[in-house]
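Mapped onto the working numbering, the consecutive letters of the sequence shown carry residue numbers 4 to 390.
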Amino acid sequence: MATLITGGRLIDGTGRLPLRDAAVLVDGDRIAAVGPADQIGVPAEVERLDLGAATLLPGLIDAHTHLMMGFGEGTEESYPQPELYQMLKCVHHARIDIRCGLTTVRNPCERSFRPAAVRHAIEQGLIPGPRIVTGMRGIRATHGWGQNAYGVDAVDAIRRMIRENIAAGADLVKIYATGENFRNTATRAYFTRAEIEACADEAHRVGVPITAHAHGGPGLRDCVEAGFDAIEHGTCISEDDVELMLQRGTTLVATFNPYLHPTTLVPGRPPEWVAGVTAANDNMRRLFPQALRSGLKFTVGSDSRHGEFVFELETLVELGFSPLEAISAATKQAAEALRLADRLGTVEPGKLADLIAVPADPTENVSCLRDVCFVMKGGERLDLSPL
C-alpha cells in the first residue's frame, strides 16, 4: 500500500525554496508524487502519515566517513583492535548514522573488505544502517600516510590491488597521495606521477571512480591532472589548485570535522599536530568560502565523527552559505559526487524514498538537523525508539 506523508514544509534538496504544507506520496521504495498536500493525487487505498509541522527533507549523505573508526579515534587506536571488535564497531556506527538521518554514507576505504560484509548485512535487513558506498582497502605508498591503507609500491602492484578491490565489490578506489596535517606533512607527495596515472587508468578502464586523500601540493596536483574524480580534504589547496580542479571538473570532498571541530585542538596535543592543524584551519577559513563559491564541485563528509555530521553544515553556514545551500551540499551535490543523482539526493518523483524530518525549520537554524524525528530509507520507515 502507498503511503502519503504530510508535513509543515518540504526542503527538496534542489535549492528551491521550501514548499509549505507539503505532501510526499511513497509507493514501494520510490517517491511517486510530490506537491502541496491539498493538490496531490492519492490512490483510494493509502496509508496516511501526518508529521504535523515538521520539515521533510531528503535523506542526508555523508560523503566521507569510516565505519571502523570512532569519534575522535585515530587509525593508530582503531586498526590494531581485534577483527570481531572492528566489525561490531561498524555495526554500531552504522546504527548511529542512520538514526541521525544519514540514509547514505560513502566509506572511501578501510584496511580490509569488511565494509562489504556490513553493506550486505544492511541490504539484507539483518541490521539497520545507511546505504554504503565503499572503496574497500585503501592504497598508500609503503613510506606514506594512511594506517587504514596497505603500502604498495610500483605500477604493477598498484594495478593488482585495485583489481582485487574491484573484484571484491568496491564502488570506488581511494589512494593516499599526500601526508596529513596531524603530522605536519600535508603537502608531502608519496607516489610517483607514473603510479598515480596508473591508478586512474586502472579504475577508469572499468568505469570505477577514483579519489585521493590529498591536502595540497604536488601530490594533489598530480592526481587532478591524472583525471581523478575527487579530492578528499584539500585543506591546504591554493588558488591555483582550485583553478586546476575547476578546469578538470574535480570534486572536492570537504571534511571540516577533523580540523575545525572544537574537540580537535585541545590542550596536550603535540606541537607538530597543533602547527599542522592550525595552518590548515587558517587556509580553509581564508580560501574555502571563495573556492566553494567559484563553481567548484563539492560536497562534505564527517570523516568518522559519527553523530556529528551536522557540524559540516553548520561550518558551511559559518563560512557564508545559506542553510538551503548547506543542505544541498549534503543531499543533491553529495548524490552527484557518488554518481547516484538519478536515484538519490532530492525529493522528486522516481527517486528512492529516502526521507527524513525534523520538528523545526532548518532554514532558520541548520543546527535543528541534529534533532531528527523521522527517517525513511528506500520506503522503509526506521524505528527511532530509544535503544
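From the three backbone atoms N, C-alpha and C, an ideal C-beta is built for every residue, glycine too.
Within its chain, find whatever has a CB closer than 8 Å to the CB of residue i; leave out the 5 residues flanking it on each side and keep chain order.
i: residue 244; result: 219, 223, 224, 227 and 237
i: residue 207; result: 213 and 230
i: residue 125; result: 97, 131, 132, 133, 134 and 135
i: residue 166; result: 205
Could you tell me which residues DSSP puts in a beta bridge with residue i?
i: residue 53; result: 9
i: residue 65; result: 108
i: residue 257; result: 303
i: residue 28; result: 7 and 36
i: residue 385; result: BP columns for residue 385 are empty, so no partner.
i: residue 217; result: 236
i: residue 154; result: 143
i: residue 340; result: Answer is none; residue 340 lacks a bridge partner.
i: residue 134; result: 107
i: residue 177; result: 214
i: residue 358; result: 61 and 379
i: residue 23; result: 12
i: residue 192; result: 181
i: residue 113; result: 140
Apply the 10 Å Cβ neighbour rule to residue i and answer buried if 16 or more other Cβ atoms are within range, or exposed otherwise.
i: residue 84; result: exposed
i: residue 250; result: exposed
i: residue 215; result: buried
i: residue 293; result: exposed
i: residue 309; result: buried
i: residue 184; result: buried
i: residue 68; result: buried
i: residue 89; result: buried
i: residue 271; result: exposed
i: residue 205; result: buried
i: residue 149; result: buried
i: residue 201; result: buried
i: residue 164; result: buried
i: residue 267; result: buried
i: residue 311; result: buried
i: residue 388; result: exposed
i: residue 326; result: buried
i: residue 114; result: buried
Leaving aside the five residues before and after residue i along the sequence, list all residues of the same chain whose C-beta is less than 6 Å from its C-beta, in chain order.
i: residue 134; result: 107
i: residue 230; result: 203
i: residue 221; result: 192
i: residue 259; result: 315 and 318
i: residue 382; result: 29, 31, 32 and 356
i: residue 313; result: 372 and 373
i: residue 240; result: 219
i: residue 300; result: 254
i: residue 380; result: 106 and 357
i: residue 154; result: 143 and 145
Less than 7 Å between the beta carbons of residue i and residue j, yes or no?
i: residue 337; j: residue 302; result: yes
i: residue 254; j: residue 282; result: no
i: residue 360; j: residue 66; result: no
i: residue 194; j: residue 144; result: yes
i: residue 140; j: residue 110; result: no
i: residue 182; j: residue 189; result: yes
i: residue 93; j: residue 49; result: no
i: residue 59; j: residue 358; result: yes
i: residue 335; j: residue 348; result: yes
i: residue 25; j: residue 362; result: no
i: residue 52; j: residue 14; result: no
i: residue 170; j: residue 116; result: no
i: residue 262; j: residue 286; result: no
i: residue 378; j: residue 37; result: no
i: residue 10; j: residue 54; result: yes
i: residue 12; j: residue 23; result: yes
i: residue 104; j: residue 375; result: yes
i: residue 119; j: residue 180; result: no
i: residue 256; j: residue 235; result: yes
i: residue 352; j: residue 34; result: yes
i: residue 46; j: residue 5; result: yes
In its own chain, which residues sit with a C-beta less than 7 Å from the C-beta of residue i, not counting the 5 before and 5 after it?
i: residue 187; result: 275, 278 and 279
i: residue 198; result: 158 and 161
i: residue 112; result: 138, 139, 140, 141, 151, 152 and 177
i: residue 297; result: 245 and 249
i: residue 329; result: 316, 319, 320 and 369
i: residue 146; result: 193
Are there any heavy atoms of the ligand FMN lying less than 6 Å away from the beta-carbon of residue i, as far as the coordinates show?
i: residue 373; result: Summarising the ligand content, the structure contains no ligands, and the ligand FMN is consequently not present.
* Asked: Within the chosen definition, does the stretch 122 to 138 reach the stretch 96 to 110 through at least 3 CB pairs nearer than 8 Å?
  -> yes
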